[in-house]
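Residue numbering for the sequence shown follows the numbering used here, starting at 47 and increasing by one per position. C-beta: ideal position from N, C-alpha, C; glycine also.
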Amino acid sequence: MRVLVAGATGLMGSRTVARLRDHGVEVGQLSRAQGVDLRTGDGVEQALRAVDVVVDVTDAPSHERRVSEQFFTAATGNLLRAAGAAGVAHYVLLSLVGADRVDSGYFPAKAVQEQLARRSTVPYSVVRASPFFETVQSVAAAATRPDGVRVAPLLLRPVSVDDVAATVAHVAVGVPLFDVLETAGPEEGRLTDLVSDLLTALGLPGQVVTDPRAPFFGAELSERALLPGPDAHLGHHSFARWLKER
């Protein structure tokens, strides 16, 4: 089996490549260094020749809705067209928990990306992941104000990148789901508490301010909008363990 990973140079992509190699499959990496431009489609068809599975863990250069929708429409559209022409047997797409129900910010862009996979002729699987541990840190940094760190009291099951990569790799070496699999962390927590624990672990001063209107990926969310369903695949690494191992 030959698997090609799009977005392989990022944090998620590099971990996914490693987990795929654990399965003993041949793994290729799609990158600009190889003369491939996903947005224009240059080099994509050549890169997908003799590929059995494409794993798409690409991320948009911005989480602003218009920019991210344009990116995924072009990049994933080009990948799927080339995959269809090459006879690729399985297309695995990494998406976000909430992409099917949040209609603002970055989430609709991921919904557009999912629809592209569903409408393609290529057999597909979609893996929706809860926010990564690193996302909590990014949100905290972006939400820091003079009066404190303003975050919404969202309920989350934050998940480690390694656990998501393991799930994506497992799906990639299996048969296409023609459906969605959610993956999340083993524990549920409130974003305000997670940010507070993070600040304490980093030794950073700052008060966490609960703000129900504070955005997450550009969206104002209800308390349970980012919780996965009861059938989600749960990872093993806890947020507390991640903080200790940083």
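Per the coordinates, the alpha-carbon of Val49 lies some 10 Å from the alpha-carbon of Tyr137. Inter-segment contact for the segment 207 to 220 and the segment 57 to 70 is present: three or more beta-carbon pairs are separated by less than 8 Å. Gly194 carries a strand assignment under DSSP once its states are collapsed to helix, strand and coil.
Ser176 places its beta carbon less than 9 Å from that of Thr229.
Thr55: not part of any alpha helix (DSSP H); DSSP gives it neither H nor E.
Taking the Cα positions, Asp102 is about 33 Å away from Pro258. Around the beta carbon of Thr238, a 10 Å sphere encloses 16 or more other beta carbons of the protein chains shown; the residue is thus reported as buried. In this chain, the alpha helix (DSSP H) harbouring Glu160 covers Phe153 to Arg165. Within the segment 76 to 154, the alpha helix (DSSP H) runs of at least 4 residues that lie entirely inside it are, in chain order, 90 to 93 and 111 to 132.
Per the Cβ contact rule, the segment 180 to 193 is not in contact with the segment 140 to 159 (fewer than 3 Cβ pairs under 8 Å). Here the alpha carbon of Gly74 sits roughly 6 Å from the alpha carbon of Val51. For Asn124, the CB contacts under 7 Å within the same chain, skipping 5 residues up- and downstream, are Leu84, Gly87 and Val90 in chain order. Taken through DSSP and simplified to helix, strand or coil, Leu248 comes out as helix. Leu272 sits buried, since 16 or more C-beta atoms from the chains shown fall within 10 Å of its C-beta.
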